[in-house]
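Let me begin by presenting the structure, written as structure tokens, before commenting on it.
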Amino acid sequence: MIRLEKVTKIYPGTNVPAVNDVDLEVQKGEICVLIGSSGCGKTTLMRMINRLIPITSGTIYIDDQNILDIDPIELRRHIGYAIQQIGLFPHMTVYDNIATVPRLLKWEKKRIDERVDELLNLVQLEPAQFRHRYPRELSGGQAQRIGVARAMATDPPVMLMDEPFGAIDPINREVLQDEFLKIQSQIKKTIVFITHDIHEAIKMGDRITLLDAGRLVQFGTPEELLTNPKNQFVKDFVGADRALKRLDLLKVRDAMLENPVHCHESDDVASVAQAMREKGLNFLLVNDPRDRLKGYVTLRDLYDQSGKVGDFTKPMTLTVRPEQNLKDALSKMLTFDIGIVVAVDNDGKLMGVLNTMTLAQVVGQTYDEHGGRWGKITAGGKIL
Amino acid sequence: MKGSLNKLSGGGRAWTLIALALAFAAGAWFESLGFFEFTKDNTDEIWILFVEHVQLVLISSAISIGIGVPTGILLTRGFMRRYRNSSLNLLGICQTVPSLAVIAIAMTYLGIGKKTAIFALVIYGLLPIIRNSVAGLANVDPVILDAGRGIGMNPRQLLFRIELPNALYIILAGIRTSMVINVGTAAMSFLVGGGGLGDLIFSGIAMVDPGYMLAGAVPTAALAIFLNWFLGKVEGWAISPGLIYEQSGASDI
Chain A
1 MIRLEKVTKI YPGTNVPAVN DVDLEVQKGE ICVLIGSSGC GKTTLMRMIN RLIPITSGTI
61 YIDDQNILDI DPIELRRHIG YAIQQIGLFP HMTVYDNIAT VPRLLKWEKK RIDERVDELL
121 NLVQLEPAQF RHRYPRELSG GQAQRIGVAR AMATDPPVML MDEPFGAIDP INREVLQDEF
181 LKIQSQIKKT IVFITHDIHE AIKMGDRITL LDAGRLVQFG TPEELLTNPK NQFVKDFVGA
241 DRALKRLDLL KVRDAMLENP VHCHESDDVA SVAQAMREKG LNFLLVNDPR DRLKGYVTLR
301 DLYDQSGKVG DFTKPMTLTV RPEQNLKDAL SKMLTFDIGI VVAVDNDGKL MGVLNTMTLA
361 QVVGQTYDEH GGRWGKITAG GKIL
Chain B
1 MKGSLNKLSG GGRAWTLIAL ALAFAAGAWF ESLGFFEFTK DNTDEIWILF VEHVQLVLIS
61 SAISIGIGVP TGILLTRGFM RRYRNSSLNL LGICQTVPSL AVIAIAMTYL GIGKKTAIFA
121 LVIYGLLPII RNSVAGLANV DPVILDAGRG IGMNPRQLLF RIELPNALYI ILAGIRTSMV
181 INVGTAAMSF LVGGGGLGDL IFSGIAMVDP GYMLAGAVPT AALAIFLNWF LGKVEGWAIS
241 PGLIYEQSGA SDI
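Line by line, the protein sequences give chains A and B. Here the working numbering is used: the first residue of the first sequence is 1, the next is one more, and so on. Here the working numbering is used: the first residue of the second sequence is 1, the next is one more, and so on.
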């Protein structure tokens, strides 16, 4: 449907190609996601397809027709175009915005009326309520829906979407993505879809094209990218991001070691020190009689002493709560340069311990779930 | 929007009272200067000069708009953009020349008469219109231009359907400034035989006859105030309600 052959773009006044020798084929009815960090050339690549940016060398075909043989204005009227900043015309109502291209194509009024209502229903906005609103009277999510509706106005077979849900809050973005996928399953457009969010790429893409510095690094289904990353760059792009995202979603509770080793403040110093030596522990958590965390003792402090452990306990200044997310906990650990944080509940009761090892375990599961090669990393030192 | 309008009109009532009181005081003072008596005796002549004045303003402003807006459009097109700053600077310098001097210079080439007056008024009225047209068009959000281009508008459609409607507020503000200034400047047309209410003002000054002078000055001031109000209304009608919030951000230049 869309075929790129050796497409290169060098902006005037630069030597470095923004897009470098890209071959790509987008199948009819598929969503092809272009992904890469900013400046990788994905937007340039997309804007060459509707000739907003002239191609330096190479050829782009739509339905086997060289796009240079089509008048650019005509070409654009038959390619849907939706962008992150939406670009609704502020001086026009929702109706006029959606009707823009049908009017350019000189549709009859009745046909335009019907189409606008149909599209508003499709993007789940009540026509009677929204038809005559101005863009400033819309929420971000509503405006984004209108932007997509405008791009679909003339039912173009091809659509270009540059981070169309990028400016929406995460919850609404999920909703819009789901809705759009539902719509796409009915309308089966050929779509080039730009994102920098690997989550979105995996969710939306039938195929993903990963770009780096203007070059196509890997092209394949989301599965292929995850299970068979071509090189370290792909691995980093797919993996690191996912793991960190996962930290955002998980709670301390999910990763902490429950019921950690501890002692009681009224315990005898000599016997606690003995037990620590046997278990090879350099420090130990201390609870008060009501099982609340009092602090910790180190083996060195207990050396050759006698009495109650409580007398040698130092307070624990940094704790986290089980319901905090792992990213916060990790950030605290990094900020204060400690390898371990203790989780206590609102009453100060000792709930668990979180250390870098357990964190790595959770991140390891993320890889595992999605077929990464390394599998689970477990605690416990030497395996034999 | 409605709320603020109501508030305005509520405050407006107090202002109206104050204005009425001031007008009454001014009226009493003008009466003592012989303004009303003169006006009553010379209504026909004042009316003729008033109409002449309005003609001067309307003709010269129409020409200024006819030249200024297209020039502003040209200066924001890609191929002309590099001349934009130098053109605006040049116009800025022209504007610093006092209006009287512009009229005098025009007279040396065109002689005496309405044409000279109109020519000078056109030149003097151009800058605010060109400058605001350029500012208005240059400030249109590039994102909506990209959207317009991306969905297949040609340059002409882009200009008339997207750029001008969005720049309209600033352009109209420039036209309003230009026309209101023009009303005052047009009074000087008398000096080159262009007629208008300046006839009464300058003769009144020359004869040290305040009543005579006021018979020219008061209608001139009233015309300027009316024009300012009327053009404000026009802006309200012409500008899309969708841009209403952006208006508060823009300012007259």
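Ideal Cβ positions, reconstructed from N, Cα and C, are used throughout, including at glycine.
Buried or exposed for residue i, please, with buried defined as at least 16 other CB atoms from any protein chain shown within 10 angstroms of its CB.
i: A/I79; result: buried
i: B/T43; result: exposed
i: A/K189; result: buried
i: A/N15; result: exposed
i: B/G242; result: buried
i: B/E52; result: buried
i: B/A19; result: exposed
i: B/M207; result: exposed
i: B/A25; result: exposed
i: B/I225; result: exposed
i: A/F336; result: exposed
i: B/G194; result: buried
i: B/D41; result: exposed
i: B/R13; result: exposed
i: A/N50; result: buried
i: A/A18; result: buried
i: A/E114; result: exposed
i: B/K2; result: Low local confidence applies: a pLDDT of 41 at B/K2 is under 50, so the model's placement there is unreliable, with the coordinate-based value given in what follows. By the neighbour-count rule (16 or more Cβ atoms within 10 Å), B/K2 is not buried but exposed.
i: A/F237; result: buried
i: B/P219; result: buried
i: B/K233; result: exposed
i: A/Q218; result: buried
i: A/L4; result: buried
i: A/N97; result: buried
i: B/P70; result: exposed
i: A/L68; result: exposed
i: A/T317; result: exposed
i: A/K182; result: exposed
Do residue i and residue j have their C-beta atoms closer together than 9 Å?
i: B/D199; j: A/I83; result: no
i: B/F79; j: B/Y212; result: no
i: A/A213; j: A/N66; result: no
i: B/L127; j: B/C94; result: yes
i: A/L34; j: A/M46; result: yes
i: A/K150; j: B/I151; result: Contrary to the premise, residue 150 of chain A reads as Arg rather than Lys in this sequence. Taking 9 Å as the Cβ cut-off, A/R150 and B/I151 qualify as a contacting pair.
i: B/I239; j: B/L168; result: yes
i: A/P342; j: A/K314; result: One point to set straight first is that residue 342 of chain A is Val, not Pro, in the sequence displayed. Their beta carbons are not under 9 Å apart, which means A/V342 does not touch A/K314 by this criterion.
i: A/V116; j: A/I60; result: no
i: B/T76; j: B/V134; result: yes
i: B/M153; j: A/T100; result: yes
i: A/Q415; j: A/E179; result: Only positions 1 to 384 of chain A appear in the structure, and residue 415 of chain A is not among them; the question remains open.
i: A/M256; j: A/T358; result: yes
i: B/R149; j: A/L52; result: yes
i: B/N132; j: B/T177; result: yes
i: A/V192; j: A/M161; result: yes
i: A/V158; j: A/M1; result: yes
Run through chain B and tell me which residues come within less than 7 Å of residue i, C-beta to C-beta.
i: A/E91; result: The sequence given here has His at residue 91 of chain A, not Glu. Those within 7 Å of A/H91 in chain B are P165, N166, S240, G242 and L243.
i: A/G87; result: V143, I144, D146 and A147
i: A/I73; result: G152 and N154
i: A/T100; result: I151
Going along chain B, which residues have a C-beta under 8 Å from residue i?
i: A/R77; result: I151 and G152
Closer than 8 Å by beta-carbon distance: list the chain A residues that pair up with residue i, in chain order.
i: B/Q157; result: L104
Interface residues of chain A around residue i at Cβ under 9 Å?
i: B/I118; result: Residues of chain A passing the Cβ test: none, with the nearest at roughly 34 Å.
Residues of chain B with CB closer than 9 Å to the CB of residue i, please, in chain order.
i: A/L52; result: D146, R149 and G150
i: A/P135; result: G242
i: A/Y11; result: The premise fails here: A/Y11 is roughly 16 Å from chain B at the closest Cβ pair, so nothing lies under 9 Å.
i: A/I83; result: V143, D146, A147 and G150
Please check if any C-beta of chain E sits within less than 9 Å of the C-beta of residue i.
i: B/I162; result: Protein chains A and B are contained in the structure displayed, whereas chain E is not.
For the ligand NAD, any of its heavy atoms closer than 8 Å to the Cβ of residue i?
i: A/H78; result: The model on display carries no ligand, and the ligand NAD is accordingly not part of it.
Problem set entry | Inter-stretch contact at 8 Å, needing at least 3 Cβ pairs: the segment 14-34 of chain B / the segment 187-206 of chain B | Note that the segment 14-34 of chain B does not touch the segment 187-206 of chain B; fewer than 3 beta-carbon pairs, one per stretch, sit closer than 8 Å.
For this session: Evaluate contact between the segment 100-108 of chain A and the segment 165-181 of chain A, counting only Cβ atoms and requiring at least three cross-stretch pairs below 8 Å.
Result: Short answer: they don't touch.
Problem set entry | Whole runs of the beta strand (DSSP E) within the segment 175-219 of chain A, excluding any shorter than 3 residues | Secondary structure within the segment 175-219 of chain A: the beta strand (DSSP E) runs of 3 or more consecutive residues, fully enclosed, are 190-195 and 207-212 (chain order).
Exercise. Are three or more beta carbon pairs between the segment 116-124 of chain B and the segment 187-199 of chain B nearer than 8 Å?
Worked result: Contact annotation: the segment 116-124 of chain B touches the segment 187-199 of chain B, with at least three C-beta pairs closer than 8 Å.
Exercise. Does the count of Cβ pairs from the segment 263-278 of chain A and the segment 288-304 of chain A closer than 8 Å reach three?
Worked result: Flag = yes, the segment 263-278 of chain A and the segment 288-304 of chain A touch.
For this session: Pick out the complete alpha helix (DSSP H) segments inside the segment 19-102 of chain A, 4 residues or longer, and give them in chain order.
Result: Counting only runs of 4 or more, we get 42-49 and 72-77.
Exercise. Are three or more beta carbon pairs between the segment 226-233 of chain A and the segment 27-41 of chain A nearer than 8 Å?
Worked result: Touching, no, given that fewer than three Cβ pairs across the two stretches are closer than 8 Å.
Exercise. Can at least three beta-carbon pairs, one atom from the segment 138-157 of chain A and one from the segment 86-96 of chain A, be found at a separation below 8 Å?
Worked result: Judged by Cβ distances under 8 Å, the segment 138-157 of chain A makes contact with the segment 86-96 of chain A, as three or more pairs qualify.
For this session: Pair every Cβ in the segment 339-353 of chain A with every Cβ in the segment 272-280 of chain A, then say whether three or more of these pairs are closer than 8 Å.
Result: These segments do not touch.
For this session: Mind listing, in chain order, the continuous alpha helix (DSSP H) runs of no fewer than 4 residues lying wholly within the segment 164-202 of chain B?
Result: Counting whole runs of 4 or more residues, the segment 164-202 of chain B contains the alpha helix (DSSP H) stretches 164-186.
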